[in-house]
Structure formats: C-alpha cells, structure tokens
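What follows is a set of notes on a single structure, which appears directly below.
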Amino acid sequence: MNEIVFSEKMEIKDNTFARQFETFIDGNMVSVEYSFQEKKIFLTRINTFDGFDNEEFINDLLKNIMEIAYQRKLKVVPILPKIALFFRKNTTYRDLLPPGIKI
Numbered sequence: 001m002n003e004i005v006f007s008e009k010m011e012i013k014d015n016t017f018a019r020q021f022e023t024f025i026d027g028n029m030v031s032v033e034y035s036f037q038e039k040k041i042f043l044t045r046i047n048t049f050d051g052f053d054n055e056e057f058i059n060d061l062l063k064n065i066m067e068i069a070y071q072r073k074l075k076v077v078p079i080l081p082k083i084a085l086f087f088r089k090n091t092t093y094r095d096l097l098p099p100g101i102k103i
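Anchor point for the sequence shown: position 68 equals 68 in the UniProt record's numbering, and the numbering is continuous, going up by one each time.
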C-alpha cells in the first residue's frame, strides 16, 4: 500500500513496493530506501539526481521520516554515515534509535 504523508514543508510518498520514501524537488525525485525487521526501519540509501546539492532539503526529508517513524512506533537504524550524522546533529530524535545503537 502506498501512503502519502503530508508535512508543512513537503509531500512524502511511502512507496511500499519499492521500499522507499519519495518526494520531489524541482520536478526531480529524491528518495530514501528502507527495509523492515520487526519494529525497526533500516534506512539504507539516499537517492538524489545529478547536480543535487541541497543538504537542507535532505535534512528536512529525514526529519519528516523521523516523524513517520514516531507515528508508526518504529525504531530507526541508521545504516548510512549521513543518517548517523543526522542523529548526531538532531539529538531530539535519538529516542528513535534501538537499544544498543550508539551514534
């Protein structure tokens, strides 16, 4: 089931078939791939397009994905260094990390 999640800043589609959250900027798709295990979501890859260099947009996308994790009562496992850095910079979301995961 695909679900569209709205936030103040962006519309995010949870494409469950492709296992990724999708949004658009300037007509181009940016996505974050994921996988599930029990009540954990593993964020495995960030896909952008050639010439994309908007870290603020990625940061906003990740914040919105964290809110989705809260709503769905999921823990978040940051596989990518970029997502681990997000957790270091945004300490409010650290309670989403599973026990034993240190950033």
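Built from N, CA and C at the ideal position, the CB exists for glycine as well.
If you follow the alpha helix (DSSP H) that residue i is in, where does it begin and where does it stop?
i	result
Arg-45	Per DSSP, Arg-45 belongs to no alpha helix (DSSP H); it is in the beta strand (DSSP E), 40-47.
Met-10	Premise fails: Met-10 is in no alpha helix (DSSP H) and is neither H nor E.
Ile-101	Note, Ile-101: premise wrong, no alpha helix (DSSP H); not H, not E.
Here's a check: name, in chain order, each residue in its chain whose Cβ is nearer than 6 Å to the Cβ of residue i, leaving out the five neighbours to either side.
i	result
Ile-25	Phe-57
Ile-101	none
Ile-103	Ala-84, Phe-87, Arg-88
Determine the DSSP secondary structure at residue i, reduced to helix, strand or coil.
i	result
Met-95	Note that residue 95 is Asp in the sequence shown here, rather than Met. Correct three-state label for Asp-95: helix.
Phe-87	helix
Beta strand (DSSP E) containing residue i: first to last residue?
i	result
Ile-58	No beta strand (DSSP E) contains Ile-58, which is instead part of the alpha helix (DSSP H) from 55-72.
Thr-23	20-25
Phe-36	28-37
Using a Cβ-Cβ cut-off of 7 Å (strictly less than) and excluding sequence neighbours within five positions of residue i, which residues of its own chain qualify?
i	result
Phe-42	Tyr-34, Ser-35, Val-77, Ile-79
Gln-20	Ser-31, Val-32, Glu-33, Tyr-34
For residue i, does the count of other Cβ atoms within 10 angstroms reach 16, so buried, or fall short, so exposed?
i	result
Asn-28	exposed
Leu-74	buried
Give me, in chain order, the residues of the same chain whose beta-carbon lies closer than 8 Å to that of residue i; leave out the 5 immediate sequence neighbours on both sides.
i	result
Phe-49	Asn-28, Met-29, Val-30
- Message: With a threshold of 8 Å, are at least 3 pairs of Cβ atoms found where one atom belongs to the segment 85-94 and the other to the segment 48-57?
- Response: no
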